[in-house]
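If you read the sequence shown in the working numbering, its first letter stands for residue 2, the second for the next number, and so on.
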Amino acid sequence: MIVAVCDDDYVRNIKKKEPVYPLDERVRIINALKCVDETVVVSFEEVDDKMLLLNKHKFNVLFSGDDWKGSERYIKTEQQFAEVGVSIEYLPYTQGVSTTQIKEKMRNR
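Listed below in structure tokens is the structure:
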């Protein structure tokens, strides 16, 4: 399994947040999981255009949170992927689990 980790610029510019852990530590944490074969760092361009990501990393399934399902961007990506035999599997969005909420709880202790 290949796991993509967004670079720090993506987190800062798109999520408008400072990463809790720097990129090298996030990669190290993901690489420590036994089910992970490879961790790749992805840029905004690759996150925004999944075909760039596919051409660079050659995968057959993309996993994404189901909060993206039905969005204009993902409908387009599903169509592009279908043409080349790649699917998107949506994972249930985990309500109540967010880095923002964890940081807030830590601040309030």
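C-beta: ideal position from N, C-alpha, C; glycine also. As the structure is a prediction and not an experimental result, all values here were calculated from the model.
Check: Whole-angstrom distance between Val43 and Arg13, CA atom to CA atom; Outcome: 14 Å
Check: Residues of its chain near Leu63, where Cβ-Cβ distance is below 6 Å and the 5 sequence neighbours each way are ignored; Outcome: Ile89
Check: DSSP state of Tyr91 mapped onto helix, strand, coil; Outcome: strand
Check: Three-way DSSP call (helix, strand, coil) for Val21 in this model; Outcome: coil
Check: Cβ-based burial, Tyr11 [other Cβ within 10 Å; buried from 16]; Outcome: buried
Check: Extent of the continuous alpha helix (DSSP H) to which Ala5 belongs; Outcome: No alpha helix (DSSP H) contains Ala5, which is instead part of the beta strand (DSSP E) from Ile3 to Cys7.
Check: Per-residue DSSP class, three states only, for Val28; Outcome: helix
Check: Same chain only: Cβ atoms within 8 Å of Ile31, ignoring 5 sequence neighbours per side; Outcome: Val4, Val6, Val37 and Thr40
Check: Counted within 10 angstroms of its Cβ, other Cβ atoms place Glu47 as buried (16 or more) or exposed; Outcome: buried
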